[in-house]
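Chains as they are written, first to last, in my numbering: chain E, 198 to 686; chain W, 8 to 254.
All remarks here apply to the structure that follows.
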């Protein structure tokens, strides 16, 4: 198929790493700890954060567990062994932590503006920027600014850096931290539990509908530094929240580690919608550099009719290892996973979800769209587990893969474990290529080949993109187009 | 004006066009008829730039420009439109979004301002009304789940909105009932002007009852073997293509 060959070449020619528009570095005076990981580093991080003893003890326990654990090797990803003693575990803009936006380094505010993230509340209130999103900005190891906290506090919503929550709301943090992803859950979660430096904390009290979208923006800037943020979101009975997460990093030749943990807790009738647009630096067109994105995300529907919905658009990172999951404990609770994973050049993605049905009449939906181009490998790995008590449980899974070119791979690894005869589990899967006639049809109407590929890919992902909040959906569409075509706007 | 001189083309090793000569002046509609395998569809694909068709000789110019040197999208920008015999489905791509993206790509290439969503919808709704098509045509995904007739009507809708200088209709009448045929024909007739020309490829004379051509050409074994006025189509309908290939 000459057109396909040509498409592949065009895609490759246009998608060099140089097209990554967030690849700049920000010159900010930084505090860094010595390289390497040991108990002293864990103590240092804890001390830097002014943490209570219980938090330090929790970290040390995690560190002890991590020492005994082995890096997982079951995913379809390949990378040279990581030397955990050759990494920095903490990097933060130097000086005391800013107490308000006015104290934030103007260089940082300018950087976030460059990234399109509004940190300036006054400008937002004046109508310069949109006003309905509160942002927590995490720069390397620390949260540098959280906007709209007062507005949110009026309705009882707590939205702050998790380091602050540890001090200000210890009862909530102690109750819920590690309750969904325990310290010893897996190698990377244990590492994160020992050295996490910041992240976001969200608490939506009983019956409150969060008045604005919340978002966290993660930025890795420092060299050789791992980013280990931790996010904890709790929605009490009848509460609801929509949370967005975005990520970028500078272009660097070496690989950088990002091992985050996200925990969600939804009580009776609570709803949490968690959306991610992951655009970490993917490495260059030869596969050099890029982020290792080894992330544990899990939500627990603890109450009746609780609902947790994960939507992710994964276009960045050299390697993605990520399975946002739902534990459906409460009767009638609902779990959803909508995913677009796009890999190009030498990117590797092994991503999917786990839906654990424990309660009666629990339902889950999995829609996964994988797009592979270049030499990349894209794996969907999923588990649907129906426990004996989950009578009437239902799952629907659809996994579609789209291949661009003939040097990439798409793999689907769905596990289904059903221990209840009344449960219903459906799985559909397709693998296709962009057809030559589709490309020609678009081009004969005046679309360039790159625009045609972008349009077809976006159409392929529509079922997932429509789950994203409006602005995010537009951004995600552009991102998909850019990741494939390099038409940086 | 479309000028084709001694055009030869093949697919793989198979010679399909063997020296086609054809001129379609602006303002005229020409019909191409001929038996199966004569090269009718090949001619439309070669003119619109589909991959896999190798031009081995001859020239084709539109308004003086060598169209064979252009990419398909550049031909579209130059004003050439191909209505497909088998319109292609684009799952998940909304028809309105598709046509607007195409229209704006063409407008951009021609140095015209792009249309925003509101201006486009106004234009599109008017076109739909003119063509007596259902409103949901714009909301559905491109050709997905369309009946054969709906697909062809969607081609005509795209043609109306892209407003080409030269339309090539590749057996647009195949599989159409008489009502759909009339709609398609009205769509073409509505575009008729001094600056518009069309190449209507068809097996049957009945489309030409509704789109009356200025000239009729018979393509057989890769060459134009006969040309004439509209009456030629009636003659072919009565006597068939037998004997033409030898001519």
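Where a beta carbon is used, it is the ideal one built from N, C-alpha and C, also for glycine.
This one's a predicted model, so the numbers in the text were calculated from it and none came from an experiment.
Q. Quick one: what does DSSP say residue 217 of chain W is sitting in, helix, strand or coil?
A. Residue state, collapsed to three classes: helix.
* Considering only residues of the same chain and omitting the five flanking positions on each side of residue 385 of chain E, which have a CB-CB separation below 7 Å? -> Around residue 385 of chain E: 456, 491, 493.
- Can you give me the start and stop residues for the alpha helix (DSSP H) that residue 359 of chain E sits inside? Annotation for residue 359 of chain E: the continuous alpha helix (DSSP H) segment containing it runs 359-365.
Counting only beta-carbon separations shorter than 8 Å, does residue 139 of chain E have a partner in chain W? This structure leaves residue 139 of chain E out entirely; chain E is present only between 198 and 686.
query = So, is residue 690 of chain E buried or exposed, given that buried needs 16 or more other C-beta atoms within 10 angstroms?
reply = Given a span of 198 to 686 for chain E in the structure shown, any question on residue 690 of chain E remains unanswerable.
Open item on the list: Between which two residues does the beta strand (DSSP E) holding residue 40 of chain W run?
Closed with: Here the beta strand (DSSP E) through residue 40 of chain W covers 36-40.
(Q) Which of the three DSSP states is assigned to residue 518 of chain E in this structure? (A) Strand, per DSSP.
Report task. Pull up the distance between the alpha-carbon of residue 558 of chain E and that of residue 525 of chain E, whole angstroms please. Result -> Using only the alpha carbons, I get a separation of about 10 Å.
Practice problem: Mind reading off the beta-carbon distance from residue 518 of chain E to residue 391 of chain E? Whole number of angstroms is fine, and I expect it under 8 Å. | Solution: Actually they do not touch by this definition, with Cβ atoms about 18 Å apart.
### Message
With a threshold of 6 Å on Cβ separation, who are the neighbours of residue 560 of chain E within its own chain once the five nearest residues in sequence on each side are excluded?
### Response
Within the same chain, and ignoring the five residues on either side of residue 560 of chain E in sequence, the residues whose Cβ sits closer than 6 Å to its Cβ are 531, 591.
Closest to residue 529 of chain E by CA distance: which of E:677, E:474, E:333, E:465 is it? Residue E:465 holds the alpha-carbon nearest to the alpha-carbon of residue 529 of chain E among E:677, E:474, E:333, E:465.
Inset, instruction - Would you grab the beta carbon distance between residue 661 of chain E and residue 535 of chain E for me? Rounded to a whole angstrom, and I think it's under 8 Å. - result: The pair is a contact, with the Cβ atoms about 4 Å apart (cut-off 8 Å).
Practice task
For the beta strand (DSSP E) containing residue 428 of chain E, list its first residue and its last residue.
Solution key: Per DSSP, residue 428 of chain E belongs to the beta strand (DSSP E) from 427-432.
Give every residue of the same chain whose Cβ lies closer than 7 Å to the Cβ of residue 13 of chain W, excluding the five residues on either side of it in the sequence, and list them in chain order.
So the list reads 26, 28, 64, 65, once near-sequence residues are dropped.
Could you have a look at residue 613 of chain E and say whether DSSP puts it in helix, strand or coil? Correct three-state label for residue 613 of chain E: strand.
Run through chain E and tell me which residues come within less than 8 Å of residue 116 of chain W, C-beta to C-beta. 643, listed in chain order.
Is the Cβ-Cβ distance between residue 398 of chain E and residue 362 of chain E less than 8 Å? Yes, the Cβ-Cβ distance between residue 398 of chain E and residue 362 of chain E is below 8 Å.
### Message
Closer than 8 Å between beta carbons: that is the criterion. Which residues of the stretch 655-680 of chain E meet it against chain W?
### Response
For the stretch 655-680 of chain E, which is checked against every Cβ of chain W, the residues closer than 8 Å are 655, 656, 657, 658, 659, 660.
Given residue 555 of chain E as reference, the closest of E:602, E:614, E:540 once Cα atoms are compared: Among E:602, E:614, E:540, the Cα nearest to that of residue 555 of chain E is on E:614.
key: Selection of the stretch 46-58 of chain W by Cβ proximity to chain E, strictly under 8 Å   = Cβ contacts with chain E come from 55, 56, 57, 58.
Pop quiz: residue 226 of chain W and residue 46 of chain W are said to be a contact at Cβ under 8 Å. What is the actual Cβ separation, rounded to whole angstroms? The pair is a contact, with the Cβ atoms about 6 Å apart (cut-off 8 Å).
**OP:** Report buried or exposed for residue 117 of chain W, applying the criterion of at least 16 other Cβ atoms within 10 angstroms of its Cβ.
**Re:** Flag for residue 117 of chain W reads exposed.
- Task: Using a cut-off of 7 Å between C-beta atoms, extract the partners of residue 80 of chain W located in chain E.
- Result: By Cβ distance, chain E contributes 640, 643, 644, 645.
Between residue 160 of chain W and residue 138 of chain W, is the Cβ-Cβ spacing less than 8 Å? Between residue 160 of chain W and residue 138 of chain W, the CB-CB gap stays under 8 Å.
Margin query: Can you check whether the C-beta of residue 203 of chain W is within less than 8 Å of a C-beta belonging to chain E?
Written below: No, no contact with chain E.
- prompt: Going along chain E in order, which residues have a C-beta closer than 8 Å to the C-beta of residue 92 of chain W?
  reply: Within chain E, not a single residue places a beta-carbon under 8 Å from that of residue 92 of chain W; the smallest gap is close to 11 Å.
Q) Within this structure, are the beta carbons of residue 91 of chain W and residue 20 of chain W separated by less than 8 Å? A) For residue 91 of chain W and residue 20 of chain W, no; Cβs fall outside 8 Å.
For residue 513 of chain E and residue 486 of chain E, the rounded distance between their alpha carbons: Whole-angstrom Cα-Cα distance: 12 Å.
- Between the Cα of residue 98 of chain W and the Cα atoms of E:672, E:248, E:659, which residue gives the shortest distance? Closest option to residue 98 of chain W, judged by alpha-carbon separation, among E:672, E:248, E:659: E:659.
| said: Going residue by residue through the stretch 460-505 of chain E, where are the continuous beta strand (DSSP E) segments of at least 3 residues, counting only ones entirely within it? | reply: Uninterrupted beta strand (DSSP E) stretches at least 3 residues long and entirely within the stretch 460-505 of chain E occur at 468-475, 487-498, given in chain order.
### Task
For the alpha helix (DSSP H) holding residue 423 of chain E, just list the boundary residues, first then last.
Counting along the chain, residue 423 of chain E falls outside any alpha helix (DSSP H), and DSSP gives it neither H nor E.
I'd like to know whether the C-beta of residue 685 of chain E is nearer than 8 Å to at least one C-beta of chain W.
Here the model assigns residue 685 of chain E a pLDDT of 24, short of 50, so the residue's position is not dependable, and the following value carries that caveat. No - not a single Cβ of chain W is within 8 Å of the one on residue 685 of chain E.
| query | Which of helix, strand or coil does DSSP assign to residue 407 of chain E? | reply | Looking at residue 407 of chain E - three-state DSSP - the assignment turns out to be coil, as it is neither helix nor strand.
query: Applying a beta-carbon distance threshold of less than 8 Å, which residues of chain E neighbour residue 76 of chain W?
result: Within 8 Å Cβ-Cβ: nothing; residue 76 of chain W doesn't reach chain E, min ~15 Å.
Name the residue from E:608, E:677, E:635, E:656 whose alpha carbon lies nearest to the alpha carbon of residue 95 of chain W. Minimum Cα distance to residue 95 of chain W is reached at E:635.
Reference residue 442 of chain E, options E:238, E:631, E:332, closest by Cα: Ranking E:238, E:631, E:332 by Cα distance to residue 442 of chain E puts E:332 first.
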